[in-house]
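What follows is one structure encoded as structure tokens, with my remarks underneath.
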């Protein structure tokens, strides 16, 4: 799945996963799904390119040995102090096993922690890296016992250590009360369906191909039944951990938008259960194929039984899914007083020299 924003996230897709890119604008963190780049972006001029291998086996560019710019940007350490930092992350999750930490197969969190550990010299327990979601994220926060007077150098160093499928788009200081997961106001997901008879190769890994001509109007009628506050037990897959989550969720909107051969489903809600979005999409696909009537949605919601959905639909594939944004209250995104400026990354320019001809 792809991810963007203060915000991709599912179990490993057989064909491809989504990409995430995000940015905080006003009170919102916006994320966009993009194809993975074929080359690494330019690094800070003081960082040389050397081959290095992270825990996931990916080669990347890393800073040369010795004192790094990120170290120089640290402020004086205050004993007992703790500083929180917010990151907006974009990634193509095709080759990763979701977000949550595990050394092998590689995950997004593991790759980011490897980079942060190397730069800050802190272990993962001290960093306390937390993402906006358990299996997907576009925004994350971590803590350090020291502050930075400038974030640009650390920002460049992190991206220099990450595999090219992952990029930190933004770093800023965060208030102590900010929490990447529990402070969220809403999340927006998109699911892309290619509804042409012949699949466009450029969408192959980033959209689901429906070989059936879908009835978009019937899908819109069905999607209306999802809007509101409901018990979504019927649409949640089992999670193998001890965490108990409430199945009561609020869906603010569920739009079905036609864009040429692409049918884009846009879902905004206060929170989502494990694989809830993909399961909702799966049912709408059956309605779009005219195999089921639109009112089947209300009946399966009322059943509060995952087996009822399993009788009529299988979960939609992950490669059409994008986490587009994670939204927070505007006040929650304000940096604390005296914090360093937000880093959006560095741009470089070629010096223009005046040429004299004789």
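In my numbering, the protein residues as written are 5 to 362.
Note that beta-carbon positions come from the ideal geometry of N, C-alpha and C, so glycine has one too.
Note that this is a predicted model, so its numbers are computed, not measured.
- prompt: When we look at the beta-carbon of residue 132 and count the other beta-carbons within 10 Å, is it buried (16 or more) or exposed?
  reply: exposed
message: By DSSP's criteria, residue 234 is part of a beta bridge. Which residues make up the other side?
response: 253
message: Among the candidates 168, 130, 149, 254, whose CA atom is the shortest distance from the CA of residue 98?
response: 168
query: Grouping DSSP H, G and I as helix and E and B as strand, with all else coil, what is residue 268?
result: strand
- request: State the Cα-Cα distance for the pair residue 286 and residue 146, rounded to the nearest angstrom.
  value: 35 angstroms
query: Would you call the CB atoms of residue 328 and residue 192 closer than 7 angstroms?
result: yes
- prompt: Which one of 172, 348, 283, 339 has the shortest CA to CA distance from residue 96?
  reply: 172
task: Let me know the secondary structure DSSP gives residue 300 once reduced to three states.
output: helix
query: Shortest alpha-carbon distance to residue 282 belongs to which of 331, 211, 351, 338?
result: 211
task: Count the other C-beta atoms from every protein chain shown that fall within 10 angstroms of the C-beta of residue 290, then say buried if there are 16 or more, exposed otherwise.
output: buried
query: Any idea what DSSP makes of residue 341, helix, strand or coil?
result: coil
query: Thinking C-beta only, is residue 187 closer than 7 angstroms to residue 274?
result: no
- prompt: From this set, 114, 181, 107, 85, which residue's C-alpha is nearest residue 337's C-alpha?
  reply: 181
message: My assumption, with CB atoms under 8 angstroms, is that residue 93 sits in contact with residue 143. Please give the rounded CB distance.
response: 7 angstroms
message: Considering only the alpha carbon of each residue, which of 229, 303, 195, 347 lies closest to residue 267?
response: 195
message: Please report the distance separating the alpha-carbon of residue 251 from that of residue 332.
response: 22 angstroms
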